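Asker: Heads up: the sequence shown at position 9 corresponds to 12 in the working numbering, and the numbers run straight through without jumps.
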Amino acid sequence: MKAIANLLTSLILAGWIGAIAILSIQNITLVSLKFLNFETIQLPVGIVLAFSVGAGAIGGAIAPLLWQLAGGQRGRYYQEEDY
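1. Are the stretch 56-64 and the stretch 41-48 in contact at 8 Å, needing three or more beta carbon pairs?
2. Taking its Cβ as the centre, do 16 or more other Cβ atoms sit within 10 Å of L69, making it buried, or is it exposed?
3. Which class does L36 belong to by DSSP, given the choice of helix, strand or coil?
4. Going by CA-CA distance only, name the one from A6, T12, M4 and K5 that's closest to A95.
5. Would you kindly check if the distance between the Cβ of S27 and the Cβ of G49 is under 8 Å?
6. Grab me the residues of L52's own chain with a C-beta within less than 6 Å of its C-beta, minus the 5 sequence neighbours each way, in chain order.
Structure below.
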């Protein structure tokens, strides 16, 4: 079952990478991101998408670890608490 999950994950990731590659070739327009008062340098859409996917993948890999740590600490807190 784990092999199927790994295969599906790899296929989905490969599909997204392919879509980003096609989009970046077709759309070379420069964009800049604005947040509050800050503005980034102008980059092609494909590069912005690639960085976004990379940041999302890293965040998605780290988030479950942080949730497990937070859940374990919460469980210890409830066990030590007197009722």
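Quick reminder that beta carbons are idealized off the backbone N, C-alpha and C, glycines included. What you are looking at is a predicted structure, and each value in this text was computed from that prediction instead of being measured.
Answerer: With the given structure in hand:
1. Touching, no.
2. With fewer than 16 other Cβ atoms within 10 Å, it is exposed.
3. In the structure shown, the three-state DSSP call for L36 is coil.
4. Not covered by the structure: residue 95. The range shown for the chain is 4 to 86.
5. The criterion of a C-beta distance shorter than 8 Å is satisfied by G49 and S27.
6. I23, listed in sequence order.
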